[in-house]
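Numbering (the working numbering), first residue to last: -7 to 328.
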Ligand code: OGA
Ligand code: NI
């Protein structure tokens, strides 16, 4: 129900169905705030150096920030601004777009999977399918009036960046430059515009609990001022401190499978705070639904056993949405 949206009203107290049991709380005092994830400058003219930085980052963290990434900074700022405007629309306007059916391609929703979960998350989100644009844009929100134009331009730029990164990631695995792009087929592209309102009790709940991304590659545009993303590394949660004008890249489950487990789709989560709302825009590059995914042959040719069986993305994605976010890694269900 649209009344469940949390961006439509101010909250003085945290409703009981957002309160995590004591053992599952974020324990904010234990978060490492002075470490960070690798930062890679994509304007590096030493290609071999760039590829080797990508290899290290994908292997060690599964997460990195990119700077000088080619997506115009003004466009990222307009994207964030229009996202804020969207969540400020009147409740009646937002109610028209509300759905909690994960199968719907365009929907405004809340938490993660309200039909399945027992404890909710302090997040509203707008989910959009973004490729091919001419097919989906007519179904996107018509308000704010500049939404469709800004978001489509942003989506095109992000797709280009994603494909550039695929080239570097393929090479970093010793595969041909266009291996990943080819093997994933005609990629879908989805977007989650995540809005985390100010939360009265951030110690008791999450914006998004620990999860891995089910797709191939995620490109995240974050609020520059308000932090909240944390990445799991060696038993600790590390806060991601946004670099000016950076985008955050993470390896999704499909690239973990394709790399035969060499690169990790790492657990991450979003926490909330009581001072300021936070926005993030996640772009997900997803394999074509009927393409067969599995470890690249070249990576098992030396006799290393394939860690994962082959499956279609369709099978994977259905499995992912049928579960709760904070269960075991979904890829575990696809081991050989
Ligand atoms: C996601 C995600 C993190 C954030 O949307 O999958 O991990 O900081 N978002 O909003
Ligand atoms: Ni995520």
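Quick reminder that beta carbons are idealized off the backbone N, C-alpha and C, glycines included. None of these values were measured; they are calculated from a predicted model.
Residue burial classification, residue i (beta-carbon count within 10 angstroms, cutoff 16)
i: residue 95; result: exposed
i: residue 134; result: exposed
i: residue 296; result: exposed
i: residue 328; result: exposed
i: residue 279; result: buried
i: residue 217; result: exposed
i: residue 329; result: Outside the displayed span of the chain (-7 to 328) sits residue 329, for which this structure offers no information.
i: residue 284; result: exposed
i: residue 69; result: exposed
i: residue 97; result: exposed
i: residue 272; result: buried
i: residue 249; result: buried
i: residue 65; result: exposed
i: residue 204; result: buried
i: residue 252; result: buried
i: residue 246; result: buried
i: residue 184; result: buried
i: residue 256; result: buried
i: residue 315; result: exposed
i: residue 329; result: Nothing can be reported for residue 329, as the shown portion of the chain is limited to -7 through 328.
i: residue 39; result: exposed
i: residue -7; result: exposed
i: residue 181; result: buried
Identity of the residues DSSP links to residue i by a beta bridge
i: residue 184; result: 119, 274
i: residue 210; result: 242, 276
i: residue 32; result: 58
i: residue 110; result: According to DSSP, which records beta bridges pairwise, residue 110 is partnered with nothing at all.
i: residue 223; result: 230, 260
i: residue 327; result: 300
i: residue 284; result: 304
For residue i, the three-state DSSP class (helix, strand or coil)
i: residue 313; result: helix
i: residue -6; result: helix
i: residue 198; result: coil
i: residue 102; result: strand
i: residue 96; result: coil
i: residue 145; result: helix
i: residue 86; result: helix
i: residue 321; result: coil
i: residue 203; result: strand
i: residue 255; result: coil
i: residue 11; result: coil
i: residue 46; result: helix
i: residue 63; result: coil
i: residue 218; result: coil
i: residue 74; result: helix
i: residue 23; result: coil
i: residue 289; result: helix
i: residue 247; result: helix
Chain-order list of residues whose beta-carbon lies under 8 Å from that of residue i (same chain, five-residue window excluded)
i: residue 29; result: 49, 53, 55, 56, 57, 223, 230, 232, 240
i: residue 22; result: 228, 229
i: residue 44; result: 164
i: residue 196; result: 6, 10, 11, 12, 17
Same chain, Cβ closer than 6 Å to residue i, five either side skipped, listed in chain order
i: residue 35; result: 60
i: residue 281; result: 305, 306
i: residue 47; result: 164
i: residue 159; result: 169
i: residue 162; result: 169, 171, 172
i: residue 234; result: 214, 216
i: residue 329; result: Since the first and last residues shown for the chain are -7 and 328, residue 329 lies out of range.
i: residue 107; result: 92
i: residue 139; result: 74, 133
i: residue 260; result: 223
Neighbourhood of residue i by C-beta, 7 Å cutoff - its chain only, sequence neighbours within 5 removed
i: residue 91; result: 99, 101
i: residue 211; result: 150, 153, 154, 239, 241, 275
i: residue 4; result: 192
i: residue 109; result: 103, 316
Residue i CB to nearest heavy atom of the ligand ZN below 7 Å
i: residue 22; result: The ligand ZN is absent from the structure shown, which contains only the ligand OGA and the ligand NI.
Around the ligand OGA, what residues have a beta-carbon under 5 Å from a heavy atom of it, in chain order? 184, 186, 221, 262, 272, 274
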